[in-house]
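There are 2 protein chains.
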Amino acid sequence: MTKTKPIEPDTATDDKNQQILQGAMQEFLTHGYAGTSMDKVAKRGGVSKATVYSYFADKEGLFAALVQRLACEQVYFTVVDEEPTVALRLVAETLLDKSKKTPEFLNFVRLIIAESGRFPQLAQTFVKNIAKPGIERLTHYLASREELKLPDPEATARIFIGSLIYFQLLQEMMHGKEIIPMERDRFVDDLLRLVLSCKPN
Amino acid sequence: MTKTKPIEPDTATDDKNQQILQGAMQEFLTHGYAGTSMDKVAKRGGVSKATVYSYFADKEGLFAALVQRLACEQVYFTVVDEEPTVALRLVAETLLDKSKKTPEFLNFVRLIIAESGRFPQLAQTFVKNIAKPGIERLTHYLASREELKLPDPEATARIFIGSLIYFQLLQEMMHGKEIIPMERDRFVDDLLRLVLSCKPN
DNA sequence: GTCTATAGATCGATAGAC
DNA sequence: GTCTATCGATCTATAGAC
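Have a look at this one:
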């Protein structure tokens, strides 16, 4: 903001670097990897194309840097230490609200899936930084609640999260809302019923 | 196969048409929409580029025609009329084996998700022709098995299918197998336990 | 009908001025 | 460091020969 630039050790995140990544994010999230041009990235970031290439080796390097940054920032959901009916419903609603509160997240997931064939290690970055921690948090919670008597908390955690992600995938990402509509609460109710009212034989 | 071409009314599916679509399929499924060039489509189909444009108006038209065809051919899974432990396990294993038996299917789902932002109506074609019938078949089965006493068969069907799709998405499509491994049977066992051993309070 | 050849635009990446 | 200008390749789509 200030015109006089304060003494800023170059260890900090560069200003232009952030500008470029910001512009790159909008382009890649909207048009995908192949559909994004370095010209538009430069224009969107308010710099010249040569400047982009002075900060990133090539298009792949820029894309990888962007995915790394987004994968570090985003958090799927958190689990509060309350009784299951409260905590699990909160997890479900957090997940289902995620695309409303941060609409870029839906596009980010779409982008990762779209490029998971051509950039397998970027998909693995997503799994490692976002999906895995989420599964582990929920697994830990389910295991800690002994009253649930779950024989396999990790499998149940995957079922819980997976069915919610699929719901979002079908209704929002693939625009299935109008074709196979279902109220959010109705789905969550049945999911909670399955996990909570289930006792091993 | 025969050299002498039999009298074939042009109402039937054209030969060149099929060649082009076949070539287009390999290219689009591998490289996505923006990453596919009409030159390569033509080369892969064994025709010239001008011929491609004589059969399809433009790149978007070709892509739409391909998705329409694939969405009509593919079938998610079928439900046999056996007792739940048998029928549901068969559904689960059919779904999880789908990508092994027809590896193009994984790429097809990836492509649909990848382009669901730019081609929403093609995603809806997928939902209408593939996802919705699958959900409806399983819903009908779950509702017909009164011993399950499921209060909301459709929601349960979505949970069942969704958790399986997510498993495939994470383990195979996003290459999460090595990062968060889980045996297929262990996951299916827990999913069946949830659905089968659950009685309403 | 199907081809070759090519137009016109845009791509990723770089050279050279400042 | 950042810019403008540009290269060679590749893109979608079409014109014109056969």
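Chains as they are written, first to last, in our numbering: chain Y, 1 to 201; chain E, 1001 to 1201. C-beta atoms are modelled at their ideal positions from N, C-alpha and C, and glycine is treated no differently. Please read these numbers as outputs of a predicted model, since none were measured by experiment.
When Cβ pairs closer than 8 Å are counted between the two stretches, the stretch 156-163 of chain Y is seen to touch the stretch 1163-1172 of chain E, the count reaching three or more. In this structure residue 87 of chain Y is not in contact with residue 188 of chain Y, their Cβ atoms being roughly 13 Å apart against a cut-off of 8 Å. In terms of beta-carbon proximity, residue 144 of chain Y stays away from the interface with chain E, with every pair separated by 8 Å or more.
Put simply, the CB of residue 1152 of chain E is near chain Y, with a gap under 8 Å to one of its CB atoms. In this structure, residue 1131 of chain E lies away from residue 175 of chain Y, with their beta-carbon atoms at least 8 Å apart.
At least one CB atom of chain Y sits nearer than 8 Å to the CB of residue 1179 of chain E. Between residue 1191 of chain E and the set Y:67, Y:152 and Y:31, the nearest pair of CA atoms involves Y:152. Per the coordinates, the alpha-carbon of residue 83 of chain Y lies some 14 Å from the alpha-carbon of residue 197 of chain Y. Between the C-alpha atoms of residue 71 of chain Y and residue 29 of chain Y there is a straight-line separation of about 13 Å.
Between residue 134 of chain Y and the set Y:99, Y:94, Y:114 and Y:171, the nearest pair of CA atoms involves Y:94. About 15 Å separates the Cβ atoms of residue 1045 of chain E and residue 1061 of chain E, ruling out a contact at the 8 Å cut-off. Here residue 1185 of chain E carries a helix assignment [DSSP, helix/strand/coil].
At least one beta carbon of chain E lies nearer than 8 Å to the beta carbon of residue 190 of chain Y. At a cut-off of 8 Å between beta-carbon atoms, residue 124 of chain Y makes contact with chain E.
Rounded to whole angstroms, the gap between the alpha carbons of residue 178 of chain Y and residue 1129 of chain E is 14 Å.
With respect to the 8 Å criterion, residue 183 of chain Y and residue 106 of chain Y are not classified as neighbours on the basis of their beta carbons. CA-to-CA, the gap between residue 69 of chain Y and residue 1048 of chain E works out to about 43 Å. Contact with chain E is found for residue 163 of chain Y, since one of that chain's Cβ atoms lies less than 8 Å from the residue's Cβ. Residue 113 of chain Y places its beta carbon less than 8 Å from that of residue 1114 of chain E. Secondary structure of residue 1090 of chain E (DSSP, three-state): helix.
A direct Cα-Cα distance of roughly 27 Å separates residue 1037 of chain E from residue 1127 of chain E. The C-alpha of residue 1059 of chain E is placed about 19 Å away from the C-alpha of residue 1110 of chain E.
The residue among E:1186, E:1055 and E:1063 with its C-alpha nearest the C-alpha of residue 1118 of chain E is E:1063.
Setting aside the 5 residues that flank it on each side, residue 1026 of chain E is surrounded in the same chain by 1044, each with a C-beta closer than 8 Å to its C-beta; the list follows chain order. Only buried fits residue 1125 of chain E, as 16 or more other CB atoms lie within 10 angstroms of its CB.
Of the residues assessed, residue 139 of chain Y falls on the buried side of the cut-off, its CB having 16 or more other CB atoms within 10 angstroms. Its chain contains 1027 as the residues whose beta carbon lies nearer than 7 Å to that of residue 1040 of chain E, once the 5 sequence neighbours on both sides are disregarded; these appear in chain order. According to the DSSP assignment, residue 1028 of chain E belongs to the alpha helix (DSSP H) that extends over 1015-1031.
It is roughly 18 Å from the alpha-carbon of residue 102 of chain Y to the alpha-carbon of residue 32 of chain Y. Here DSSP, grouped into helix, strand and coil, assigns residue 1180 of chain E to coil.
Note that the C-beta distance between residue 1194 of chain E and residue 194 of chain Y is below 8 Å. Residue 1163 of chain E sits in a helix when the DSSP states are folded into three classes.
Contact between residue 1065 of chain E and residue 1021 of chain E is confirmed by a C-beta separation of about 7 Å, below the 8 Å threshold. With respect to chain E, the C-beta atom of residue 166 of chain Y has a partner C-beta closer than 8 Å. With respect to the 8 Å criterion, residue 1076 of chain E and residue 1017 of chain E are not classified as neighbours on the basis of their beta carbons.
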